[in-house]
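Participant: What follows is a single structure, and I will ask about it in a moment.
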Amino acid sequence: MRVHPRARAKRGLLHTLAAPPTNAHRSQRVSDDTRTTTHESPAPSLDGLSYGNWTEAEKLALSCRILAKEGHCETLAGQITVRQPDGSFLTTPLAHAFSEIRPDSVMRIDDSLRVLEGRGVPNPAVRFHLWVYRRRPDVNCVIHTHPPYVSALSMTGEPLQIAHMDATPFFDDCAFLPEWPGLPIADVEGEIISAALGTKRCVLLANHGFLAATPTIEESLYMSVLIERAARNQLIAQSAYGRLKLVDPALARESHDFLLQRSIVNASFAMFARQITGERP
1 MRVHPRARAK RGLLHTLAAP PTNAHRSQRV SDDTRTTTHE SPAPSLDGLS
51 YGNWTEAEKL ALSCRILAKE GHCETLAGQI TVRQPDGSFL TTPLAHAFSE
101 IRPDSVMRID DSLRVLEGRG VPNPAVRFHL WVYRRRPDVN CVIHTHPPYV
151 SALSMTGEPL QIAHMDATPF FDDCAFLPEW PGLPIADVEG EIISAALGTK
201 RCVLLANHGF LAATPTIEES LYMSVLIERA ARNQLIAQSA YGRLKLVDPA
251 LARESHDFLL QRSIVNASFA MFARQITGER P
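Below, the structure is given as structure tokens:
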């Protein structure tokens, strides 16, 4: 009997789907006894991802414009600082919107907020960034803003919940300061916020906003974009249903480590930058 080619192909597909997976192709194994999941396949290759090539002043300016596009800075509240090898800091002048910042807007200051290069006056709230740098020698870029959804979440008294894959970069990496210590322009607020941050990459500040503190501009920007989106998703889900289904901790850790690979962070920064500049990779 002659078998139509389309039927033959369908049988082949069904046979493939029905066949048990081999060790080479098995991506998950779930134990009925422990209900834990292990992943056996090697991580996918990330070779070929496109990155940019910018100076630190250019990356700082791009970060400002990306954050403006993401709705992070609707007032004068919000700062970015970048530690330099000589102990000085790059930042932006007070009373300039993030959307206005260009590389030649960037100023360099010392740890007393004195201007070393550039024009303008630094934001006095940069003072609390200095406490983070003192506690964390691994940190070279601090971003602090009051975006709408993070601000709304900060008003609920609840921490960020890891209930979606896109929130997993914050798994065990986002602290929560449950009380607002007041305007962050004095040393006492810097002590409180830096202590709350601890060794983590981010801290959600009750009745306030958030802070991201990482080794690079790219990573701090990446975390800043992701935390606002994670807060938005959490608030939408809670308003629709109330209770959240949290991600399994083991899987959240695995996803956290994967999504915070330098290649993914830097490629994400380059993608955000192209959306601002209109450049192609």
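If you read the sequence shown in the UniProt record's numbering, its first letter stands for residue 1, the second for the next number, and so on. Heads up, the beta-carbon is just placed ideally off N, CA and C, and yes, glycines get one too. Source: prediction; values computed, not measured.
1. Cysteine 174 bridges to which residues according to DSSP?
2. Taking contact to mean 3 or more Cβ pairs, one atom from each stretch, closer than 8 angstroms, check whether the region 166–175 and the region 99–114 are in contact.
3. Answer yes if the region 69–79 comes into contact with the region 144–152, meaning at least three C-beta pairs across the two stretches below 8 angstroms, and no otherwise.
4. Report the rounded CA-to-CA distance for arginine 29 versus glycine 198, giving the unit in angstroms.
5. If you draw a straight line from the alpha carbon of alanine 57 to that of glutamate 117, how long is it in whole angstroms?
6. Could you please give me the residues that DSSP links to threonine 145 through a beta bridge?
7. Go ahead and label proline 122 buried or exposed: buried means 16 or more other beta carbons lie within 10 angstroms of its beta carbon, across all protein chains shown.
8. Check the DSSP bridge columns for threonine 91 and list the partner residues they point to.
9. Which term fits glutamine 275, buried or exposed, when burial requires 16 or more other beta carbons within 10 angstroms of its beta carbon?
10. Below 8 angstroms on the Cβ atoms is my contact criterion, and I expect threonine 81 with histidine 129 to pass it. Report the Cβ-Cβ distance as a whole number of Å.
11. Does the Cβ-Cβ distance between alanine 212 and isoleucine 143 come in under 9 angstroms?
12. With which residues is valine 82 paired in a DSSP beta bridge?
13. Strictly by DSSP, which residues pair up with glutamate 117?
14. Alpha helix (DSSP H) containing asparagine 266: first to last residue?
15. Using the Cα positions of leucine 113 and glycine 78, report the straight-line distance between them to the nearest angstrom.
Facilitator: So, to answer that:
1. Position 174 of the sequence shown, counted from the first residue, corresponds to residue 174. Answer is Cys202.
2. no
3. yes
4. As a first step, residue 29 must be located in the sequence shown, where it is residue number 29. As a first step, residue 198 must be located in the sequence shown, where it is residue number 198. Note that arginine 29 scores a pLDDT of 32, beneath 50, so its modelled location is shaky and nothing firm can be said.
5. Residue mapping note: residue 57 aligns to position 57 of the sequence shown, counting from 1. Residue mapping note: residue 117 aligns to position 117 of the sequence shown, counting from 1. Whole-angstrom Cα-Cα distance: 12 angstroms.
6. Your numbering for residue 145 matches position 145 in the sequence shown. Looking at the DSSP assignment, threonine 145 forms a beta bridge with Phe210.
7. As a working note, residue 122 is residue 122 in the sequence shown. With 16 or more other Cβ atoms within 10 Å, it is buried.
8. Position 91 of the sequence shown, counted from the first residue, corresponds to residue 91. Paired residues: Met107.
9. Taking the sequence shown and counting its residues from 1, the one referred to as residue 275 is at position 275. Under this definition glutamine 275 is an exposed residue.
10. Sequence index remark: in the sequence shown, residue 81 carries index 81 (1-based). Sequence index remark: in the sequence shown, residue 129 carries index 129 (1-based). Their Cβ separation, rounded to whole angstroms, is 5 angstroms, which keeps threonine 81 and histidine 129 in contact under 8 angstroms.
11. As a first step, residue 212 is located in the sequence shown; it is residue number 212 there, counting from the start. As a first step, residue 143 is located in the sequence shown; it is residue number 143 there, counting from the start. In contact: alanine 212 and isoleucine 143 (Cβ atoms closer than 9 angstroms).
12. Here residue 82 corresponds to residue number 82 of the sequence shown, with the count starting at 1. For valine 82, which the question treats as bridged, DSSP gives the partners Leu90 and Cys141.
13. Here residue 117 refers to the residue found at position 117 when the sequence shown is read from its first residue. In the DSSP output, where bridge partners are listed per residue, glutamate 117 has Arg108.
14. Reading the sequence shown from its first residue, position 266 is the one you call residue 266. That run of the alpha helix (DSSP H) goes 262–277.
15. On the sequence shown, residue 113 is found 113 positions in, with the first residue counted as 1. On the sequence shown, residue 78 is found 78 positions in, with the first residue counted as 1. For leucine 113 and glycine 78, the distance between alpha carbons rounds to 16 angstroms.
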